[in-house]
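In the working numbering, the protein residues as written are 2 to 83.
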């Protein structure tokens, strides 16, 4: 699914495949870790020092990777983005 507007591109990818058994534990640990990180961030709300120790939020980390990929795609095919 995708959505395009002037200066805005939203891409949503949902992987519905069954995870391989060899990565199942890693995915579960990652889910638990993200839950703990969310609780830490909510607890630190308003405490700039505590938030800075946590670093960029997951959405910020994903946004930076997305923006980098989008910039590369736009640079490679500038006419397609008009």
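The C-beta atom is built at its ideal place from N, Cα and C for all residues, glycine as well.
Every value quoted in this text rests on a predicted model; they were computed, and no experiment measured them.
Open item on the list: Counting beta carbon pairs with one atom in the region 25–42 and one in the region 54–61, are three or more of them shorter than 8 Å?
Closed with: Yes, the region 54–61 touches the region 25–42.
Open item on the list: I'd like the list of long-range same chain contacts for residue 28, defined as Cβ closer than 8 Å, with 5 residues on each side in sequence excluded.
Closed with: Taking the chain shown and counting its residues from 1, the one referred to as residue 28 is at position 27. If we look at residue 28 and ignore the five residues flanking it on each side, its Cβ neighbours are 20.
Open item on the list: I'd like to check one pair, residue 11 with residue 71: are the Cβ atoms closer than 8 Å?
Closed with: Locating residue 71 in the chain shown gives position 70, counting from the first residue. Locating residue 11 in the chain shown gives position 10, counting from the first residue. It is not a contact, given that the beta carbons lie outside the stated cut-off.
TODO: Would you mind reading off the limits of the alpha helix (DSSP H) that contains residue 77?
DONE: For the purposes of this step, residue 77 is taken as residue 76 along the chain shown, with counting starting at 1. Element bounds for residue 77: 59–77.
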